[in-house]
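Respectively, the protein sequence lines represent chains A and B.
Counted the way UniProt numbering counts, the first sequence spans residues 1 to 284.
Counted the way UniProt numbering counts, the second sequence spans residues 1 to 266.
Read the structure below first, then the notes.
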Amino acid sequence: MSDEVTHAATPRWLGLWPAAMLCLFFLVPFCIMLAVSVAHRDVSGFYEWGFEPDSYARFLSAFFGKVMAVSLSVSLAAAAICVALGFPFTVFLASMGHRTQTRILVVLLSVLALSEVIIGFSLSTLLSRTAGVGNLFHWFGLVSDPRAYTPSLFALVTGLCYIGFPFAVLVLYPPVSRLDPEIVEAARVMGASGPRAFFGVIVPNLRGAIVGAFILVFVFTLGSYLLPQLLGRSEHWTLSVHITDQAIYQSNLPFAAAMSVFLMLVALALVGLASLAGRDRGAA
Amino acid sequence: MTRMLKTTYVFVILALLVAPLVVVAAVSLNGPQTLRFPPVDPSLRWYGELFRQDEWLVPLRHSLVIAACAAALAVAVALPLALFAWQRRGPAVRVLAGIGLAPFALPPVISALGFMIFWMTLGGYGRIWATIVSHGIFLVTLPFVTVSLGLKGIDKSLIEAARVMGAGRWNVFRTVLLPLLVPYIVSGYAFAFVLSLNEYIIAYMVAGFTVETLPIKIFNALRYGYTPILAVVSVIFAVLSALIFGLIGRFGNLPRLLGAERSNRD
Numbered sequence: 001m002s003d004e005v006t007h008a009a010t011p012r013w014l015g016l017w018p019a020a021m022l023c024l025f026f027l028v029p030f031c032i033m034l035a036v037s038v039a040h041r042d043v044s045g046f047y048e049w050g051f052e053p054d055s056y057a058r059f060l061s062a063f064f065g066k067v068m069a070v071s072l073s074v075s076l077a078a079a080a081i082c083v084a085l086g087f088p089f090t091v092f093l094a095s096m097g098h099r100t101q102t103r104i105l106v107v108l109l110s111v112l113a114l115s116e117v118i119i120g121f122s123l124s125t126l127l128s129r130t131a132g133v134g135n136l137f138h139w140f141g142l143v144s145d146p147r148a149y150t151p152s153l154f155a156l157v158t159g160l161c162y163i164g165f166p167f168a169v170l171v172l173y174p175p176v177s178r179l180d181p182e183i184v185e186a187a188r189v190m191g192a193s194g195p196r197a198f199f200g201v202i203v204p205n206l207r208g209a210i211v212g213a214f215i216l217v218f219v220f221t222l223g224s225y226l227l228p229q230l231l232g233r234s235e236h237w238t239l240s241v242h243i244t245d246q247a248i249y250q251s252n253l254p255f256a257a258a259m260s261v262f263l264m265l266v267a268l269a270l271v272g273l274a275s276l277a278g279r280d281r282g283a284a
Numbered sequence: 001m002t003r004m005l006k007t008t009y010v011f012v013i014l015a016l017l018v019a020p021l022v023v024v025a026a027v028s029l030n031g032p033q034t035l036r037f038p039p040v041d042p043s044l045r046w047y048g049e050l051f052r053q054d055e056w057l058v059p060l061r062h063s064l065v066i067a068a069c070a071a072a073l074a075v076a077v078a079l080p081l082a083l084f085a086w087q088r089r090g091p092a093v094r095v096l097a098g099i100g101l102a103p104f105a106l107p108p109v110i111s112a113l114g115f116m117i118f119w120m121t122l123g124g125y126g127r128i129w130a131t132i133v134s135h136g137i138f139l140v141t142l143p144f145v146t147v148s149l150g151l152k153g154i155d156k157s158l159i160e161a162a163r164v165m166g167a168g169r170w171n172v173f174r175t176v177l178l179p180l181l182v183p184y185i186v187s188g189y190a191f192a193f194v195l196s197l198n199e200y201i202i203a204y205m206v207a208g209f210t211v212e213t214l215p216i217k218i219f220n221a222l223r224y225g226y227t228p229i230l231a232v233v234s235v236i237f238a239v240l241s242a243l244i245f246g247l248i249g250r251f252g253n254l255p256r257l258l259g260a261e262r263s264n265r266d
């Protein structure tokens, strides 16, 4: 190895322990899952090793095409809303004082860490008839009777935006906070208005980061499992819900594994796109 | 004026994020078994109820034990990984670092199914330690990222100086690196702890029927009707997360930890 390593603080064997742990508990489960996806389903609930494309073939049906379309479109909508709201939010946040930034970040992290179960429960309470906005509208005389806004597509997208928003802000935060404020000032001195400087200088400089955040929120919400069940109707079930349903309630592990492999390919393709976009100039 | 508009925008969004939690906090104060807002007969009855009922205390204990152990495991794997990746180059290092980051780039249901099939095939399915190991590996990314961030800020000539002066690797680690890294290790542990506490799908698929954690218990309880206890548990979780992140923000530099380079203390 090069000179650089002669005085390295860390011995080479240090990598062995994490390598062993990650291989055993992350790569091996992965490989077993790949193998199970082409295994033969045993009707008694398990599987027999084998090599058959049945599970993949089953996935190519109109029903699962529709599931995929629903999953993709609700996640796309949520990602678009999160980034559209989150980008100006992050830019404004980064211009605030250290202490205010810290406090706002604490709120965002706390929301980000909340379990999907709790978010689902909170939102279904907020959108319910007895304890939510429906009640409030009735109180103000806007509607004649309090009504519930859940379960519905609206509630589901709201929930996905709720989990995606802090994520979008935290992904955008490093590149936004590193953007040199002088280039914005220069634009302002040259006579650009606030919105003009925003769209003409800040947005193009962070294009890569914006695309990256969009795709990461998209993948993140694509994996949402509980919100579709708590806030949506059964026709809004996403691929994640169907995977769990097949694995646990239908005891069809090969089919669940095949769907996971498919979902993984979609996610990987998108993360690849995100990192390509991230390599753009001025990005993370 | 524009400054005020910007601040208003930020605070309106924060208010929208906090609104559901405020409603839930108010609902948790209902005296009777109902989810009304504003609450009827406000009392702390359901808070007391939570700590009297085994069906809630057992999942609470599971969640805390799993989170504490899983976060420790995540740090134990992430710290050497970050140190190893810090000074070395090459494809093997990149692949290893990539695997360390992978769990967070994929929808968690994929890891969950992988773990489920793994433990079913090798034994361990339905055991609490299987959940601990699964969470620990899944959450490796968090301490890995925070410790790597801490290492990035360390001047390598400091290490070299110590080495040239004859300090062994262990001494350098103990007296130079570790003290500088402690805040990053602690926050990495805290991130992993909070996320493990709130994680649902992996815990459910690995041991959900035998080792019930709080999120699983909440979801099961939701199926049988809503009670104010659900609101109480949600409030406790939200307060606990806010407390942990608040402490990191109080004693550490949170903007730096999250990747802001130019943010210095006022």
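By construction, the Cβ of each residue, glycine as well, lies at the ideal position given by its N, Cα and C atoms.
On the DSSP bridge assignment, give the partners of residue i in chain order.
i	result
His-40 of chain A	A:Glu-48
Where do the N-terminal and C-terminal ends of the alpha helix (DSSP H) with residue i fall, by residue?
i	result
Asp-54 of chain B	54-87
Pro-215 of chain B	214-223
Ile-201 of chain B	201-207
Glu-49 of chain B	45-50
Pro-179 of chain B	178-198
Ile-103 of chain B	For the sequence presented, residue 103 of chain B should be read as Pro rather than Ile. Here Pro-103 of chain B belongs to no alpha helix (DSSP H), and DSSP marks it neither H nor E.
Met-120 of chain B	108-122
On a Cα-Cα basis, can you pick out the residue from the options that is closest to residue i?
i	options	result
Pro-18 of chain A	B:Pro-59, B:Val-206, B:Pro-143 and B:Thr-175	B:Pro-143
Tyr-224 of chain B	A:Ala-39, A:Leu-230, A:Ile-183 and A:Ile-81	A:Leu-230
Met-259 of chain A	A:Leu-239, A:Leu-276 and A:Ala-79	A:Leu-239
Ala-74 of chain B	B:Ser-63, B:Glu-49, B:Tyr-204 and B:Ser-196	B:Ser-196
Ala-231 of chain B	B:Leu-177, B:Thr-2, B:Trp-56 and B:Arg-3	B:Trp-56
Pro-39 of chain B	B:Leu-50, B:Val-22 and B:Gln-53	B:Val-22
His-135 of chain B	B:Phe-191, B:Arg-163 and B:Thr-2	B:Phe-191
residue 273 of chain B	A:Asp-42, A:Ala-80, A:Gly-120 and A:Thr-102	Only positions 1 to 266 of chain B appear in this structure, which leaves residue 273 of chain B out of reach.
Asp-41 of chain B	B:Ile-216, B:Met-165, B:Lys-152 and B:Val-27	B:Val-27
Leu-158 of chain B	B:Leu-149, B:Phe-138, B:Leu-180 and B:Thr-146	B:Leu-180
Tyr-249 of chain A	B:Ile-248, B:Tyr-204 and B:Gln-87	B:Tyr-204
Leu-268 of chain A	B:Ser-148, B:Val-186, B:Gly-98 and B:Thr-131	B:Gly-98
Leu-35 of chain B	A:Ile-118, A:Thr-125 and A:Thr-244	A:Thr-125
Leu-96 of chain B	A:Leu-142, A:Leu-27, A:Val-184 and A:Phe-87	A:Leu-27
Phe-219 of chain B	A:Leu-222, A:Pro-228, A:Thr-221 and A:Ala-213	A:Pro-228
Val-206 of chain B	A:Ala-247, A:Gly-272 and A:His-40	A:Ala-247
Leu-81 of chain B	B:Thr-146, B:Pro-108 and B:Arg-45	B:Thr-146
Ala-238 of chain B	A:Leu-93, A:Ala-62, A:Phe-63 and A:Val-106	A:Val-106
By Cβ distance below 6 Å, which residues in the same chain neighbour residue i in space, the five residues on each side in sequence not counted?
i	result
Ala-257 of chain A	Met-33, Val-36 and Ser-37
Phe-104 of chain B	Thr-141
Gly-232 of chain A	Pro-151 and Leu-156
Phe-193 of chain B	Ala-67 and Ala-71
Leu-101 of chain B	Thr-141
Thr-227 of chain B	Gln-33
Gly-150 of chain B	Leu-181 and Tyr-184
Tell me the DSSP secondary structure of residue i in three-state form.
i	result
Gly-282 of chain A	Low confidence applies here, because Gly-282 of chain A scores a pLDDT of 42, under 50, leaving its location unreliable and the question unanswered by this model.
Asp-266 of chain B	Interpretation of Asp-266 of chain B is limited by its pLDDT of 39, a score under 50 that renders its predicted location unreliable; the figure taken from the coordinates is listed afterwards. Coil at Asp-266 of chain B, not helix or strand.
Met-96 of chain A	coil
Ile-154 of chain B	coil
Met-190 of chain A	coil
Ala-148 of chain A	coil
Phe-260 of chain B	As written in the sequence, residue 260 of chain B is Ala, which differs from the Phe given in the question. Coil, per DSSP.
Trp-170 of chain B	helix
Ser-224 of chain A	coil
Ala-256 of chain A	helix
Leu-179 of chain A	coil
Leu-153 of chain A	helix
Asp-54 of chain A	helix
Tyr-127 of chain B	For clarity, residue 127 of chain B is Arg in the given sequence; the question names Tyr instead. Correct three-state label for Arg-127 of chain B: coil.
Trp-237 of chain A	coil
Gln-33 of chain B	coil
Leu-139 of chain B	coil
Leu-17 of chain B	helix
Thr-244 of chain A	helix
Arg-129 of chain A	coil
Gly-90 of chain B	coil
Thr-10 of chain A	coil
In its own chain, which residues sit with a C-beta less than 7 Å from the C-beta of residue i, not counting the 5 before and 5 after it?
i	result
Leu-270 of chain A	Ile-215, Phe-218 and Val-219
Tyr-56 of chain A	Ala-258
Ser-224 of chain A	Glu-116, Leu-160, Ile-163, Thr-238 and Ser-240
Met-1 of chain A	Residue placement at Met-1 of chain A cannot be trusted, given a pLDDT of 41 that sits under 50; what the coordinates show is reported in the next sentence. Cβ neighbours of Met-1 of chain A beyond the five flanking positions: none.
Arg-147 of chain A	Arg-129 and Gly-134
Val-5 of chain A	Legend: pLDDT at Val-5 of chain A = 46, less than 50; position of this residue unreliable, no value from coordinates given.
Does the beta-carbon of residue i, which I'm using as the reference point, lie nearer than 6 Å to any heavy atom of the ligand ZN?
i	result
Gly-50 of chain A	Annotation note on the ligand ZN: not contained in the displayed structure, which lists no ligands.
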